[in-house]
Structure formats: structure tokens, C-alpha cells
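Undergrad: In this note's numbering, the protein residues as written are 786 to 999. Where a beta carbon is used, it is the ideal one built from N, C-alpha and C, also for glycine. As the structure is a computational prediction, the values presented were derived from the model and not from experiment.
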Amino acid sequence: CGGHAGDDETMNQVVELAKKNRVKIGAHPSFPDPENFGRIPMEMPCAALYHTVKSQITRLMKVLRSNDAQLHHVKPHGALYNQAASDKRTAIVVLEAVKSIPFPLQLYVPFGSVIADLAIEEGVHIKYEVFADRNYNDDLSLVSRKLSNALITDKSAMSEHVIRMVSRGRVKTITGKEVPIKAETICVHGDNPKAVSLVKYLHKQLRKNQVEIQ
786 CGGHAGDDET MNQVVELAKK NRVKIGAHPS FPDPENFGRI PMEMPCAALY HTVKSQITRL
846 MKVLRSNDAQ LHHVKPHGAL YNQAASDKRT AIVVLEAVKS IPFPLQLYVP FGSVIADLAI
906 EEGVHIKYEV FADRNYNDDL SLVSRKLSNA LITDKSAMSE HVIRMVSRGR VKTITGKEVP
966 IKAETICVHG DNPKAVSLVK YLHKQLRKNQ VEIQ
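(1) What does the alpha-carbon distance come out to for the pair Gln855 and His862?
(2) Classify Ile905 as helix, strand or coil using the three-state DSSP reduction.
(3) Leaving out five residues on either side along the sequence, give the residues of the same chain with a beta carbon under 7 Å from the beta carbon of Asn994.
(4) Extract the residue ranges of the alpha helix (DSSP H) inside the region 828-899, only unbroken runs of 4 or more that lie entirely within it.
(5) Measuring only the C-alpha atoms, how far is Gly975 from Val981?
(6) Return the chain-ordered list of same chain residues with a C-beta closer than 8 Å to the C-beta of Leu880, the five sequence neighbours on each side being excluded.
(7) Quick one, which of Lys962, His858, Lys804, Gln798 has its alpha-carbon nearest Leu750's?
(8) Can you look up His979 in the DSSP assignment and give me helix, strand or coil?
(9) With a threshold of 7 Å on Cβ separation, who are the neighbours of Asp818 within its own chain once the five nearest residues in sequence on each side are excluded?
(10) Applying the criterion that 16 or more other CB atoms from any shown protein chain within 10 Å of the CB defines a buried residue, is Ala832 buried or exposed?
(11) I think Leu849 touches Phe816, with their Cβ atoms under 8 Å apart; what is that distance to the nearest whole Å?
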């Protein structure tokens with residue numbers, strides 16, 4: 786939505802593709818930091834953070850209107866997503882920006898997070914998100930990308946990881962523990978050069994395991 790990457794032209798292209806393939810469209814607001822792709826935490830005053838999150842959402846909404854398309858959900862990106870998961874101040878600002886949109890939206894959040902609990906209290910409709918291509922710590926935070934074991938790259942390991950979370954409600958962390966988790970939507974990062982083939986493979990494996998995909 787222009788915060789970490791993208792502009793009106795790329796958003797138009799994505800919206801057209803989403804409509805063509807009947808894919809629900811979500812806003813992906815971030816810290817205003819394209820230099821670091823929104824993956825570095827930033828300290829911002831609440832008012833400034835609220836403005837940047839809301840302006841990114843409304844920028845996409847303008848593109849959607851011109852394409853006769855509908856906004857379905859909001860998912861914060863990168864460092865903003867992780868910070869809102871653990872920091873109440875950040876979570877409140879993100880929630881206020883989402884609530885300012887004059888129609889109900891789904892908010893994608895990690896299970897057991899600060900923002901998830903606050904959203905439930907505020908009556909914001911949430912979906913619990915899990916990550917197909919990322920390893921988890923025992924506290925359900927994602928392993929830092931600075932570490933060599935942050936990513937899951939093998940498709941079989943990724944499939945096992947996802948099916949465990951979706952079908953059994955458990956995630957195996959980097960310490961080997963199995964921790965309860967809830968999965969309602971699955972993320973595969975698009976900057977992975979194998980993302981398309983991985984999504985196709987996961988789709989096939991999930992259907993094979995009788996998982997309903999919407």
C-alpha cells in the first residue's frame with residue numbers, strides 16, 4: 786500500500802489480477818520505510834502512526850473504487866505486524882485505524898497476541914494467521930530473520946508444518962516443543978522466488994488432508 790513498497794500502478798495491477806482470479810483483497814500497511822521494506826521497527830508518535838496506517842488503507846480503497854472491487858481485510862506488514870503483536874500501544878493505534886474505516890473489515894493477527902486480544906475486546910472481526918514459511922519461538926513469535934533457522938524452505942517440511950497447525954492446532958517450535966496455536970489463514974511470503982510453486986503444493990496437500998479452503 787505504498788508504505789514499504791508499491792504505488793498506485795502496482796496496486797492497480799494486483800487488484801486486476803485478484804479480481805480475475807477471484808482472490809479476496811487486503812490492505813498491507815506498514816511503517817513508512819521502503820528502504821528497509823518495512824522490516825525494521827520504528828518509534829513513531831501515535832498520531833503519526835495512525836495517520837500512516839489509515840492513509841495506506843485508504844490509498845488502496847481509492848484504487849479499489851476505480852476498479853469496482855471490495856476491500857476484505859487488513860494485515861499489518863513486517864515490523865509493524867510483529868510490534869503490534871506484542872506492544873499494546875502499537876496494537877491500539879492499528880486497531881483505531883482499522884475501526885475508522887466506515888465498513889467492517891477482517892483483521893489478520895497472530896494467535897495469542899496482544900492485538901488479537903484487544904481486537905476481540907473492541908469487537909473487531911479477526912482471523913488468526915499462521916506462517917507457512919517461518920519457524921516459531923516457544924512464545925509463538927516468529928524466529929528473527931537475522932537467524933539462519935528463521936525460514937522454512939523445504940516444501941515437505943513446510944507442508945508438515947502447516948498441516949500440524951491447521952489440523953492439530955499445534956506448532957513445533959525451534960526448541961522441539963509443540964505449542965497450541967489456531968490457524969484460520971495461511972501466509973506464504975511473496976518475496977520468496979518459489980512462492981507460487983509452494984502455494985500450489987500446499988493447496989494440493991491441504992486438500993489431500995481434507996482441509997477446506999475458501
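TA: Answer, in terms of the structure:
(1) 20 Å
(2) helix
(3) Ile948, Ser952
(4) 831-851, 863-871, 873-884
(5) If I take the Cα positions, the gap works out to 8 Å.
(6) Leu892, Ile900, Leu903, Ala904, Glu907, Val909
(7) In this structure the chain extends from 786 to 999, so residue 750 is not present and cannot be described.
(8) Position check: residue 979 holds Lys in this sequence, whereas His was assumed. Lys979 falls in the coil class under three-state DSSP.
(9) Hits under 7 Å: His789, Ile825, Met827.
(10) Exposed is the call here.
(11) Actually they are not in contact, since the Cβ atoms of Leu849 and Phe816 sit about 23 Å apart, beyond 8 Å.
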